[in-house]
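So the sequences go chain by chain: X, A, F and U.
First residue of the first sequence: -1, per this note's numbering; consecutive thereafter.
First residue of the second sequence: 338, per this note's numbering; consecutive thereafter.
First residue of the third sequence: 4, per this note's numbering; consecutive thereafter.
First residue of the fourth sequence: 810, per this note's numbering; consecutive thereafter.
To keep things clear, I will list the structure first and then write my remarks on it.
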Amino acid sequence: MKKTKIPIFINGLLITLIASFGINTSAQEPVRIAFMDPLSGAFAAIGTSGLKQLQFAADYFYNSKGGILDGRMIEIVPLDNKQSPTETQIQFRRAVSEELRIIFQGNSSAVANTLNQTINRHNRRNPGQEVLQINYSAVDPILTEENCSFWHFRFDAHAAMKLNVLTDYIAMEESIKSMYIIGQDYSFGQAVSDISISLLAKKRPDIEIVGNEFHPIGQVKDFTPYVTKIVSSGADAVITGNFGADMVSLAKSIIDSGLDIPIYTFYAAYDGITATLGADGKNKIHLIHNETSNPIPTERRKDYIRAYKAANPNRDVTQPRLVNALQMIVQAMEQTQSTDPYDIALALEDMRFTTLSDEEIWMRGDDHQIFQSLHISVQTDEGIEFDADNSGFGLFSKFHVPAEETIIETSCQMRRPRR
Amino acid sequence: MLEIFIFATLNGLVTGLLLFMLASGLTLIFSMMGVLNFAHASFYMLGAYFAYSVSLYFGFWMGLIFAPLIVGVLGAVVERYGLRRVHQSGHVAELVFTFGLAFLIEEAVQFFWGPDTKNYQAPDILDFPLFTLFGQEFSAYRGFMIGISLSIFITLYHILTRSRIGIIIQAAITHPNTVANLGHNVPLIFMGVFGVGTALAGLAGVIAGPVLTTFPGMSIALGSIVFVIVVIGGLGSLAGAFIASLLIGLLQSYAIASDVGMPELLNLLGLEFERSHPLNDLWTLNLPRIAPILPFLLLVLVLIFRPTGLLGKREE
Amino acid sequence: MVQLKRLSIWIGYLVVMLVLPQFFDSILSVSIFNQMAIAIVFALSYNMLLGQGGMLSFGHAVYFGFGGFLAVHTLIMIEFETVYFSILFIPLIGGVFGLLAAIFIGSFSTHKAGTVFAMISLGMGELIAASSLIFVGFFGGEAGISGDRTYGPPFFGVEFLRDVEIYYVAVFWVFIATVFMYLFTQTPAGRMANAVRDNPERAEFIGYSARKVRFISFCAAGLFAGIAGGLFALNYEFITEETLNATTSGRVLLMAYIGGLGYFIGPIVGAVILTLMNSLLSNYSDLWMLYLGVMFLLTVLFLPRGFAGFIMMHQVAWVRGTIKQLALPYLLTGVPALLVMLSAIALIEMSHVEADVLQFIGFTLEPALLTDWLMVGIVGTGSLFAVRKSLPRLRDAWDSANTIPSEGGS
Amino acid sequence: MAILTLNNVQKNFGETAIIRGVSLDIEEGEKHAIIGPNGAGKSTLFHLISGLYKVSAGSITFKESEIQDKAPYEISRLGLARSFQVTNIFQRMNVFENIRCALFWSKGYRYSFWHLLGRQKELNEQAMHVLEQIGLTDKALFPSGELAYAQQRALELGIAIASGAELIMLDEPAAGMSHSEAETSVQLIHKITEGKTLIMVEHDMNIVFNVADRISVLVYGEVIATDSPENIRSNASVQEAYLGEVATSA
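Given below as structure tokens:
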């Protein structure tokens, strides 16, 4: 007889849904910005973290100070794409339907590419209702090269730029004579491998590539067999573009095997990774990234991080580029007194902006790629003012490359829409 | 070469034995109850998480003891109040139930423990290299994993062949209908077997968690692999499950260790293709890249040519 | 008379689909309708396997995805003017290739039903999903491949720029596919599929090879799954390996099951419910998957015949005219049950939310305040008590409204 | 002329021989009963003839073609139909559908997915006719799995005879029936096998002697006697091996 409970349960859900429709409307007409990243499912940790940071930035810099454009608040609207290209399509339609014209998106280059194509198609078919893609983290070079678009802006250094700096650094490490490259079997993993090999061949022809391995993404339960190969190859260092659990498992296996070599990574920090690797990863895990975590150059930025930690004790500021992106967009809005994506895009082109770290960063107009200093940091517990995952360990920057030296050529031939 | 071979074998053993701990419980459940328990690997994940939580307060060893117990009790409860009820609606219903359960457990884990990786560490006592061979360390913890798995196998084997309950269970595996006619309390046996099976999965999670990383996705890839093992090994055969587990563990490990693939094969045949060839993806394929899908290839081949599995005695 | 009634159901089905965008015309609702249309064809095709043919498949997405990939490749060919025809026929292309894939895989997988079939489908599904990531040339890796539906010749002036235009194309195909799938159940091959599902051994003794009967159903299911894949390609103008992996296979199984396997309309109901949940629920709570999981389990536990089965449970009372007697008892149990559920959700959300305040269906709750917890808890327990009190009455009402108590009582 | 010939048919399960060389001729039009103690291999013999089991040795000829290597459906298409000892119907379909499915092949529909069943007048009438024969007309739309036991047995017979096969094999058609139900079923068997060849396994001697023209006695996998009912009744070795037991236990 309990059968009868269920339909009521379903009804209840529907009523909840209908009821909650009412919540999102607000009278002051805020500037609404979409944040589209995985907020549920296997990749939720990183997406949720980004959402919190963006929301906090909006509140900290603007909403608590009377808003932007003469008193309008910024509202960040989360859209959960589950890191799936298909779901991204669905959420994009939702964004258009709710007239969200600026979409922040960062996780997975596959998703970024899909979104890019979708937005281009949409903008072409619906003049006057264009949508702007703010890419804060997807680093596939193609997005500002072949597939560059007027409606896409990238606020992170792309893989080739990062690898350029990374290989410069490796080139200086005399002790490294052989290199093992391992990555997830998909476009970014392959890009890391291809670019590293060609750059190392130029900068340090004597470094032997003793391994170039791909493994299926998210399918490997135990990395030890791979590590066995790394050990027996006699590599002096490892480069990997792995992220998430694949990163942690790989690093753990390398450390467990007793191998004491540096691991050069893109995503091996925060969101539980630093805590999990802890002391074992000390001085082994290297990260290439923009914006240092330690030492922090300005009080302004320290205050910001402290404020964030105070509001979110269990979280970290992992993506300062979200702050830069938001601030630059607001600056563009204020300059043009408009929230129209076309106006914002024009204002963002070649914008120079001074960040919380007192660094001037530049959005190149040719391909919509940001340029700022890049840093190579190492996981350690020495000299750490701001740790990660409350673990006592954090990233300490060892090597800096100023913005102007990170600039590389682009093959982008941008088609600019005319109004 | 030799060192790679030796370590590949050791790695294959660790994986294989770990898989067996999952597969042994699943074989019992699958064979006796006919339930395709999709949530089996989720209990493995629960094992790791419970052990992590226990270890925060009482240390690793307490986790090793209590986490499997908690998981086993949970499993028994699921059988008693979930599966038994669904059983009346047939096997598909049971399957969808376990499907949903797997989904729910993953979400629940994220709800209670959060979506990020957990810092679940092996005990310090086992944090030393067991031996070093050709400059490569084999950690004591991995030796411990092999030890635990082997002792589970031996204990299980003894219980099943020597004790009364074991004989009833064996009979129930091969002739599920007869046992009920002999007057045994089949629902109780089912609950017990489900509880023990999930506890074994939990134990596997406890010992795997520290090395294979404790995170909400840890069960995803494993769930279907364990099925593959049970089916390849043959329904109703614990020995088959054991062989299939080792087979798959070693197969994957060797595949990763090997460096051969299509390029080598083509070389051997004296063929060469341009990078622009439409099948370039195929010509550049190598074994390590396809290692994780080899079990599925094996599954399809076994089922086509020997539907009862390697050591299976009965169909369906 | 019966025929007229049947015909009116079909016309009603078509009319409802056609007028929906008149009432809900936002881009979001059209997007949801398109998803539903795809899901309906896909779930119905799955039911040809499981519900009608007794073949439990864990790899049905293969045909959906394969059809979809070929459909996108065809779109690209249209764009580069290799071929020239209206994109209206794209779903048919998907169907043909879904069929071809099914003929190939079915030739060795339909030998047996039951576990063997299920496991081969699982294995093949995983193999093909994995290959799709390896063969980047054809499948485009994890980013997939994309086309543009607007390059084909316009269809009576329609250029398919907007999703709603695709919706009408989808309605056309959904209707055709539904009609043909229904008609299939009314043919000897369709009936023998039921017979083989119930008793493959006996089917062999009335002259039919169980394997061949399964093979035919399997191919038909592949064809319609491919059509669904083609619709997907038209709607999204791109496709990725996601569409042929285990998650998609699992989702279609859930749709068909939740809807009700035993009924032709079951999968339609399931497709509509799951699509709605998937697209609406996710925007209001990041715990929506947790709720979805709970809902699945409760459905399997308490509605073994799915939602369609639940609706059909009321047939007797409806025919007897006693359904009105049920209204009040349903209300008396339903409202408190709803409250129980809402307070449970509120408690879960309160323990989960990181902000200081939680907006919950118009109430403002503060997780920091013990009084709020108590209040929600009291509402929940009180309602639970009310549910328990009113249940016997509902049970009695149910019994008296139905001649056959065993049908729905237990 | 023999419609079915068994020539030294043997069947082993592993080491155990269940059928140890059975040779038998079934004449066209005769009603043949096979009796024997439990475990004699009667059902196994049925399974061998109908193709469910493969013979270990020997040959089976049906209407001049060798069938021992054929699949059940091929044998069925030649005009050999059978029923089962344990009710073996299409549980989730209704009674009418059960019968109609049994008619498809003989009516030439094969694997058609282009004939709409609602329009096949002749087929549907034929199915109703069979229902009438087995007395289930008023249950036509009833789910077959929910029928009473005796009705399920009737349906079991109906599926076997529906296709109009020339040779009908019934495996204990009256198993588990009460006395009066068995009477009805004898009448039913008479009615539905008129003008056809019948092979029947049955324990109920009343039915056997009522229906059969000839009887074979199968003991431990061998036919020890084949003769008319009168002669079987008086055959000493049969009495010893089989009837005696029945007489004392009954």
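We treat Cβ as the ideally placed atom computed from N, Cα and C, and that holds for glycine.
This one's a predicted model, so the numbers in the text were calculated from it and none came from an experiment.
- Using a CB distance cut-off of 8 Å, U/Y862 does not count as an interface residue toward chain F.
- In this model, A/G437 and A/A376 are separated by some 8 Å (Cα to Cα).
- Within the same chain, and ignoring the five residues on either side of F/S48 in sequence, the residues whose Cβ sits closer than 6 Å to its Cβ are A224, F227 and A228.
- Non-local C-beta neighbours of U/I1041 in its own chain, meaning closer than 6 Å and more than five positions away in sequence, comprise I1024 and V1047, ordered along the chain.
- In terms of Cβ geometry, A/L631 and A/V597 do not form a close pair [threshold 8 Å].
- Sequence-ordered contacts of the segment 15 to 35 of chain F with chain X read S29, I30, L31, S32, V33, S34 and I35 [C-beta pairs closer than 9 Å].
- In terms of Cβ geometry, U/I998 and U/P982 form a close pair [threshold 8 Å].
- Looking from the CA of X/T290, the closest CA among X/L354, X/I327, X/Q329 and X/F59 belongs to X/L354.
- Contact between F/E129 and F/L136 does not hold, since their C-beta atoms are separated by about 11 Å, which reaches or exceeds 8 Å.
- Taking a C-beta distance under 8 Å as the contact criterion, X/Q217 and A/P553 do not qualify as a contact pair.
- Residue range V523 to L549 is occupied by the alpha helix (DSSP H) that includes A/I526.
- Spanning the alpha carbons of X/I405 and A/L355 requires a straight line of approximately 49 Å.
- The continuous stretches of beta strand (DSSP E) do not include U/Y918, and DSSP gives it neither H nor E.
- In the same chain as A/L588, and ignoring 5 residues on each side of it, the C-beta atoms closer than 6 Å to its own belong to L631, in chain order.
- A residue is called buried once 16 or more other Cβ atoms fall within 10 Å of its Cβ, and X/S147 is buried on that count.
- From the listed residues A/N348, A/R626 and A/T645, the smallest Cα separation to A/M482 is found for A/N348.
- U/T870 carries a strand assignment under DSSP once its states are collapsed to helix, strand and coil.
- The beta carbon of F/A349 does not come within 8 Å of any beta carbon belonging to chain A, so the residue lies off that interface.
- Within the segment 587 to 619 of chain A, the residues whose Cβ lies closer than 7 Å to any Cβ of chain X are, in chain order, S590, I593 and A594.
- When rounded, the separation of the alpha-carbon atoms in F/G324 and F/D402 is 14 Å.
- Note that the C-beta distance between U/D980 and U/R891 is below 8 Å.
- Taking the C-beta atoms as reference points, A/G573 is found no nearer than 8 Å to A/I580.
- The beta carbons of A/I566 and A/A360 sit closer together than 8 Å.
- DSSP, read as helix, strand or coil, puts X/F264 in coil.
- Here DSSP, grouped into helix, strand and coil, assigns X/N114 to helix.
- Contacts between A/A345 and chain X, judged by CB atoms closer than 7 Å, involve P223 and T226 in chain order.
- Here the segment 69 to 80 of chain X makes contact with the segment 28 to 46 of chain X; the two share three or more CB pairs at distances below 8 Å.
- At the C-beta level, F/F313 and F/L306 come within 8 Å of one another.
- Judged by DSSP in its simplified three-state form, X/H287 adopts strand.
- For F/A349, the three-state secondary structure derived from DSSP is helix.
- With a cut-off of 8 Å on Cβ pairs, the segment 106 to 121 of chain X is not in contact with the segment 316 to 327 of chain X, counting fewer than three such pairs.
- Going by beta carbons, X/I100 and X/I72 fall outside the 8 Å limit.
- In this structure, U/V904 and U/L976 do not form a Cβ contact; the two beta carbons are roughly 25 Å apart against a cut-off of 8 Å.
- In this model, X/R122 and F/I169 are separated by some 18 Å (Cα to Cα).
- In the assembly as shown, F/Q25 is an exposed residue. Its beta-carbon has fewer than 16 other beta-carbons within 10 Å.
- Proximity of chain X to A/R421 at the Cβ level (cut-off 7 Å) is not reached, the minimal Cβ distance being about 15 Å.
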